[in-house]
Amino acid sequence: MSEEIKVLINEKELDERLTEIANQINKDFASKEIILVGVLKGAVTFMVDLAKKLEPTIQFEFMDVSSYGNETISSGKITINKDLEVDIEGKNVILVEDIIDTGRTLSYLLDYLRSKNPANLKLCALLDKPSRRVVDVEVDYIGFTIPDTFIVGYGLDYKQNYRNIPYVGEVKL
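Every position in the sequence shown, counted from 1, becomes a number in our numbering once 960 is added.
Printed below as a string of structure tokens:
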């Protein structure tokens, strides 16, 4: 790959913000079990690092949803490729996402998960790009607000590459 990548959020900033988010979740869910539902593939790195800082009993669950394909702009069409494998009725659920862009995917997912009747449903996103919002979504825990730029690293990709970069970087296409 020959794309130029500029550091937007470094490793230290990521770790410090994750600690702050985890502290808030620990306070909000003291002594309660939580199911973290990670949206594949981008949220995996964020979810794992966040879970390491959480005190309540944690379960992992994953969903695979697509709206981008191999493009840099969302198609707007949302497809569930992998659904939940556990029943979340009456459970405390935190949906963990890498980035909120237009809000379409998360709005769809939140409605879908609400239909499964969890006791609590919260949204935790590493990155928020409000300038691109088309559908409003309420975010309970947010890492960073970023400008309208295409980013990679820390789980986010460009054509399935760069997920392993330990920071969030802006791609110069």
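In this text, a Cβ means the ideal position worked out from N, Cα and C, and glycines have one as well.
Please name the residue in the options whose C-alpha comes closest to that of residue i.
| i | options | result |
| --- | --- | --- |
| E973 | I1111, Y1122 and G1103 | G1103 |
| Y1114 | E1057, E1021, V1046 and D1047 | E1057 |
| M1023 | V967, S991 and E1045 | E1045 |
| T1039 | K1013, E976, K992 and S1026 | S1026 |
| L1086 | V1004, V1095, K992 and N1124 | V1004 |
| F1110 | S991, V1094, S1075 and I1059 | I1059 |
Based on the DSSP secondary-structure assignment, which residues constitute the bridge partners of residue i?
| i | result |
| --- | --- |
| T950 | Any answer about residue 950 is impossible in this case: the structure gives the chain only from 961 up to 1133. |
| G1002 | Per DSSP, none; premise fails for G1002. |
| I965 | V1131 |
| I995 | Q1019 and V1053 |
May I have the straight-line CA-CA distance separating residue i from residue j, to the nearest angstrom?
| i | j | result |
| --- | --- | --- |
| P1016 | V1097 | 26 Å |
| E924 | N1121 | In the structure as shown, the chain starts at 961 and stops at 1133, and residue 924 therefore has no counterpart that could be examined. |
| I969 | P1090 | 17 Å |
| S1067 | D1061 | 11 Å |
| V1112 | L1073 | 27 Å |
| N1077 | F989 | 18 Å |
Taking all protein chains shown into account, do 16 or more other C-beta atoms lie within 10 angstroms of the C-beta of residue i, making it buried, or fewer, making it exposed?
| i | result |
| --- | --- |
| S1052 | Note that residue 1052 is Asn in the sequence shown, not Ser. The residue is buried, with at least 16 neighbouring Cβ atoms inside 10 Å. |
| G1063 | buried |
| D1108 | exposed |
| T979 | exposed |
| P1126 | exposed |
| G1050 | exposed |
Q) Where are the alpha helix (DSSP H) runs, 4 residues long or more, that stay fully inside the segment 1101–1125, in chain order? A) none
Q | 3-residue-minimum beta strand (DSSP E) runs that sit fully inside the segment 1032–1095, ordered along the chain | A | 1039–1042, 1052–1060 and 1080–1088
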